[in-house]
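Encoded as C-alpha cells, the structure appears first; notes follow it.
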Amino acid sequence: MKTSSDMINTTACNIDNLLSSHCSREEIERELASLLNDAGQDAFLCALASQLFIWRHLMLRGQ
Numbered sequence: 001m002k003t004s005s006d007m008i009n010t011t012a013c014n015i016d017n018l019l020s021s022h023c024s025r026e027e028i029e030r031e032l033a034s035l036l037n038d039a040g041q042d043a044f045l046c047a048l049a050s051q052l053f054i055w056r057h058l059m060l061r062g063q
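Heads up: the sequence shown begins at 1 in UniProt numbering, then just goes up one per residue.
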C-alpha cells in the first residue's frame, strides 16, 4: 500500500507527464479526473500544488 507521500509524488509525476503530452483537452480532463479519483482529493490537490510551485519556479528562473 502506498503512503500519502508516495501517492502525492506519483500523482505529481503523472500530472507532469500528462500535461507535457500531446493529448487533447478532453483527454487531459478525463485523465485528470481519473487521477483525482485514484489519488483522492487531498493527495491530488497536494500534487497539483507541488507541480504548480515547480512550474512557477522554473518560469521565474527562465526569465
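Glycine residues also receive a C-beta, built at the ideal position from the N, C-alpha and C atoms.
1) What number of angstroms, rounded off, separates the C-alpha of Ser50 from the C-alpha of Ala39?
2) Relative to the alpha-carbon of Met7, which residue among Glu27, Asn37 and Glu26 has its alpha-carbon at the smallest distance?
3) For Cys13, which of helix, strand or coil comes out of DSSP?
4) Using C-beta distances below 6 angstroms, list every residue in its chain close to Asp42, excluding the 5 sequence neighbours before and after it, in chain order.
Taking the structure as given:
1) It is roughly 14 angstroms from the alpha-carbon of Ser50 to the alpha-carbon of Ala39.
2) That would be Asn37, whose Cα lies nearest to the Cα of Met7.
3) It is helical.
4) The answer is none, since no qualifying residue turns up.
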